[in-house]
Each structure stands twice: as C-alpha cells, then as structure tokens.
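Written out below as structure tokens is the structure these notes cover.
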Amino acid sequence: MSRILRRLVLCSLFLLTATPVFAQEVKDMEDRATDLLTMAPAAAPAKWESFAETDWLRRSSIEEGGGNVTMGQVRAGVSRKQDLSSRFELTTGMHYSARLIDAPASAHLPESLHAVALELGGEYRTSDKLALGARVSPGLAGDFKAITGDDVRVPVALHARYRPDQQWTLIGGVAYTGMNRSFPVLPILGALYVPTPQWAFGLGFPRTGIMYRPSRGTELYLAAEFSGGEYRLHDPSVGANLISYHEERLAAGAEISLSKRVKLGLSVGEAFGRKFRFFDGDRPDLHVARAPFARLGLKFYL
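Numbered by mature numbering (1 follows the signal peptide of the UniProt record, and there is no 0), the letters in the sequence shown go through residues -23 to -1, 1 to 279 in order.
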C-alpha cells in the first residue's frame, strides 16, 4: 500500500470513529449555497448533521517534469440547524479538510494542506417563494507546520433563493472565498428544475448535474464540479509563501440510505485542469495530468 493510501486510511478511520462533533463533510461555502443536486430532504428530521468523506486520485505525471504525484483528500465536519422563528433558520458548525500529497522531493510540494473553520449562517424566508441567506466561516488554511495571522481566512457568502413554483428553484449571490490571490470572489449562480419526483436537473456554479431517484432511498447522479483552495506555507523548501490548487471533475455517483439516519455516498470520475500555483516566491506553476478518482462518504442525521 502506498504512503498516500496509508495516510488516507488512517485519517479516514479517525474521522469515522470521532464524535459527531467532528464527523461531517466539509463544503466550500459557495458549494453549500449552490448544492443544487440534493433532491430529497434529510433521511430523517434532524437538528444535527455530520459527514465524513475521503477521496483518492490515481498517480499521475507532473507535466513540467519532476515525476509523478498521488493525491487524496479527507473532509469532515458537523452542523446544526435551528429554527429561531417560523421564518428564520440559524446554522452553526465546524469543518476540517486535508489534502494529502505524495510527490518526489524534486517536485518541492508540501506533504499536506489543511483547512479548519467555524461556520455561522442564517436564512430568512421573506415569503413562501423568496429566502435571503448569509454565511461566514472564519478559519485557518495552511500546511500547519506553523500557524500565524497569515493563515486566517474569513469567507463570506450572500445569496437569494427564489422558488416560483414546485418545479423551479433559482439561486444567486456572491461569495468572498477568503483566498488572497486566486479566485477571491466567486459567483453563486444556479437553477434547479424538478419535473417529476424521480428527476432533477441542476445548472449552476460550482456544481452542475443531473440526478435520478430510482427508489425512495437511492439517488444516482452525473455532475461536473469545480473545486480548489489556497493555503499559507511555512516550509522554505517549497520556494513560495502561498500555494493554491484547483481542478475540475466529472463524476458519476450514488447516495444510498442505509437507515433513517445514515446515508452512504459513492462516486467515481475523472479530475482534469489540475494546477498548483505558487505566490510570493520564485518558482513556476505546476500542471498535473488528469487522473481518475474515487470518493466514499457517510452522512449521519442526529
């Protein structure tokens, strides 16, 4: 078993056996606001939702030379929703993610990149058709070899959700990602069309796709996704003070209800457009060849 797989297994075992307070999927703030591909509500009414997820990308070449790189990611977190009134819902939570990188020393890449954040958000329903929401997620993002004020990130998102009828939902807004050099501001755009209880079509950024529900406890989907992050570095051997990684993905997957309070997620696909960018240093960016990936996750509703 390669080093990256061993690290993924160890991190995943920790996340899956930790208390519910530390066991839920991390979602980028804009992804949370535009997750248009969830057709069904939670498996059971729940105030607490937790998630643990891991994915693995097959070894692929660095296009500028320097050997091959294998990558993986683990994500976890918890959130709580509370109705403060008939129209206002408050969300609080915490999430953590780690990108694991196995590359030769000649590539001068960090072994891991981490992000941890608290979350505070709310949505106010002005009417049965319109809701306005805001979210702030202060946290840290870096290699965690040291932690300074430069590691601090404070993403903020504002969105409006409009549902003119039972079939259409429209969402729009803007997200400040907390990243200083790459994509500091991203749009929140989306439209969800649900013509029947079995089918849903989502068009949006950063996620677009189609979902089909063959039975009450199973959802199948095809999706295109954009993801990435920016991290502060404290290792002089990397040759930069700031690094970002971004990729696009095409994925096919399923979410299966194992019980009223547990849901299993599985997906496979291909990642492309993969790129490491370096800032505040004297070194070129690195492009990584496309690679297949697999993802496994569990959701818990408490």
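Note that beta-carbon positions come from the ideal geometry of N, C-alpha and C, so glycine has one too. For clarity, every value in this text was computed on a predicted model and none was experimentally measured.
In the three-state reduction of the DSSP assignment, Ser214 falls in the helix class. Under the DSSP assignment, Thr68 falls in the beta strand (DSSP E) whose first and last residues are 65 to 79. Close CB contacts of Ser244 within its chain, under the 6 Å cut and outside five residues either way in sequence, are with Ala228, Gly230, Arg272 (chain order). At the C-beta level, Arg130 and Leu219 stay beyond 8 Å of one another.
Given a length threshold of 3 residues, each whole run of the beta strand (DSSP E) inside the region 115 to 143 is given here in chain order: 116 to 119, 133 to 139. Judged by DSSP in its simplified three-state form, Ala271 adopts strand. Considering only Gly206, Ala111, Ile78, the residue with the shortest C-alpha distance to His136 is Ala111.
Using a 10 angstroms sphere on the CB of Trp33, the tally of other CB atoms reaches 16 or more, which defines it as buried. Measuring C-alpha to C-alpha distances from Ile165 to each of Ala152, Ser37, Pro141 identifies Ala152 as the nearest. Assigned with DSSP and collapsed to three states, Ala84 falls in helix. Of the residues assessed, Ala82 falls on the exposed side of the cut-off, its CB having fewer than 16 other CB atoms within 10 angstroms. Comparing alpha carbon positions, the residue from Leu67, Leu107, Gly49, Gly246 closest to Ser74 is Gly49. Classified as exposed, Thr195 has fewer than 16 neighbouring CB atoms from the shown chains inside 10 Å of its CB. The DSSP-derived three-state label of Ala228 is strand.
Sequence-distant Cβ neighbours of Ala217 in its own chain, meaning closer than 7 Å and more than five residues away, are Leu210, Phe255, Phe256, Asp257, Gly258, Arg260.
Met156 carries a coil assignment under DSSP once its states are collapsed to helix, strand and coil. In the DSSP annotation of this structure, the continuous segment of the beta strand (DSSP E) that includes Thr173 starts and ends at 162 to 173.
In the three-state reduction of the DSSP assignment, Gly181 falls in the strand class, which pools E and B.
About 7 Å separates the beta carbon of Glu207 from that of Ala118, a gap short enough to meet the 8 Å contact definition. With contacts defined as CB atoms closer than 8 Å, Gly186 and Glu30 fail to qualify as a contacting pair. Under a 10 Å Cβ-count criterion, Leu279 is classified as exposed, with fewer than 16 other Cβ atoms of the shown protein chains found around its own Cβ. Glu96 places its beta carbon less than 8 Å from that of Met71.
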